Structure formats: structure tokens, C-alpha cells
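Notes follow the structure.
Now the structure itself:
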């Protein structure tokens with residue numbers, strides 16, 4: 001029996017938006033038991049925080065999920081998930097959904113992804129969940145843009161890796177909300193694919209700009 005693996009990180013709000021109180025984050029690599037709060041979290045988020053849960057796809061069979069504030073923003077059931085990088089954009093001040101889109105990183109055109117993330121406004125939250133292959137078509141500019149959103153794993157993201165990530169436009173440090181599972185024949189859970197990743201936590205809303 002495999003037990004959930006959790007990593008709790010405190011005092012990470014300032015990494016996203018300075019001078020905000022600390023937030024809770026947990027990373028879960030296996031299916032949790034009996035959750036009952038928003039997006040299945042095991043405890044409620046503090047006021048003025050967004051509850052979220054990301055699940056990467058499993059092999060090329062089970063699609064990814066992006067849940068924010070108990071609302072499923074992206075999934076196979078909603079018919080808006082696809083192979084590659086699945087992205088939801090959320091207003092970092094109000095929590096309002098701005099857009100969702102899937103970008104095929106195996107047979108698609110990376111220019112579509114670049115057009116989507118280049119013009120982001122300051123404070124926009126970016127939720128990402130991979131499915132099947134997230135990296136083959138990624139070029140240097142796309143990787144740099146994700147680094148500017150707070151990613152550290154995107155530098156080495158490769159063919160069929162599993163990846164979940166939450167970043168923000170204008171983030172001053174690296175995001176604490178990121179997990180990558182490398183595609184490795186010696187450790188893959190599925191034939192040709194690594195284990196699916198699940199990550200949940202609480203993200204502080206940004207104060208309105210003056």
C-alpha cells in the first residue's frame with residue numbers, strides 16, 4: 001500500500017505577493033482519503049485565498065484536471081483538456097477565471113502558446129497541468145516565459161514528463177507551487193510514462209493595484 005507523500009511549506013505568500021500572510025501548500029503524489037473542503041482540500045483556506053487542486057494526466061489515457069475555488073476549470077469531462085500543456089488563467093485580485101486552453105506540445109505550434117502567455121497582465125495567476133507530452137515543441141522563449149512566471153522545473157522539462165505548476169505574472173521569486181516527475185524507464189509507473197502528479201494548496205489574492 002502506498003501512502004500519500006506530503007511536503008508542507010510555510011511562509012510562501014511573500015514569494016507571490018510581498019507583505020501578505022503565510023499560506024499553506026501541500027503536494028500529494030497519491031490519491032488522498034476523504035477530503036471535504038473546496039477542490040478536495042483537507043482543510044479550508046484562510047480568507048482572501050484561493051483553494052486549488054491540480055492533477056496531471058495519467059499516461060495518454062486519463063486527462064488532467066484544474067480546480068480553483070471548488071470550480072472545475074479544465075478537465076476531460078468539460079471537454080477543454082488536451083495533450084500537452086493545459087493552462088487556466090485566473091485574475092489574481094478577484095479570483096475570476098480569465099481563460100482556459102490546451103496546447104499540443106507534440107504536434108502543435110508553439111507560437112499559439114507564446115501568443116497566449118506573452119500578453120499576461122501583472123498579477124495574473126497561471127495554473128498548468130501536463131498531459132502525455134508537455135515539452136517536445138517547447139522552445140527557449142516559451143521556457144523563459146514560464147521561468148518569469150516562477151518556474152524552476154521548466155528548464156529541464158522533457159518528453160512525457162509529468163508537470164504541475166502555479167505561477168504569477170510579476171512574481172518576485174520562484175513559485176513554491178511546482179512538481180515535476182521525470183519520464184524514466186527505470187521508475188515509470190506506466191509503460192512509457194511516469195506517475196501522475198497531484199498538487200493542492202491555497203494561493204493569496206493580490207491586493208488591488210493603486
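In full-length UniProt numbering, the protein residues as written are 1 to 210. Idealized CB from N, CA, C, for every residue including glycine. This one's a predicted model, so the numbers in the text were calculated from it and none came from an experiment.
Report back the beta-carbon spacing between residue i and residue j to the nearest angstrom; my notes put them in contact at under 8 Å.
i	j	result
residue 102	residue 82	3 Å
residue 68	residue 52	5 Å
residue 181	residue 197	5 Å
residue 87	residue 128	5 Å
residue 54	residue 164	4 Å
Specify the secondary structure class of residue i as computed by DSSP and reduced to three states.
i	result
residue 159	coil
residue 96	coil
residue 171	coil
residue 202	strand
residue 137	coil
residue 51	strand
For the candidate residues the options, whose alpha-carbon lies nearest to that of residue i?
i	options	result
residue 173	148, 163 and 155	148
residue 56	162, 171 and 200	162
residue 207	47, 137, 152 and 43	47
residue 120	170, 44 and 199	170
residue 167	110, 106, 92 and 133	92
residue 109	137, 79 and 177	137
When DSSP builds the beta bridges, which residues end up paired with residue i?
i	result
residue 74	66
residue 101	87
Does any residue of chain C bring its CB to less than 8 Å from the CB of residue i?
i	result
residue 44	The displayed structure is made up of one protein chain only, and chain C is not part of it.
Going by beta-carbon coordinates alone, are residue i and residue j separated by less than 8 Å?
i	j	result
residue 205	residue 50	yes
residue 70	residue 36	no
residue 150	residue 175	yes
residue 99	residue 89	yes
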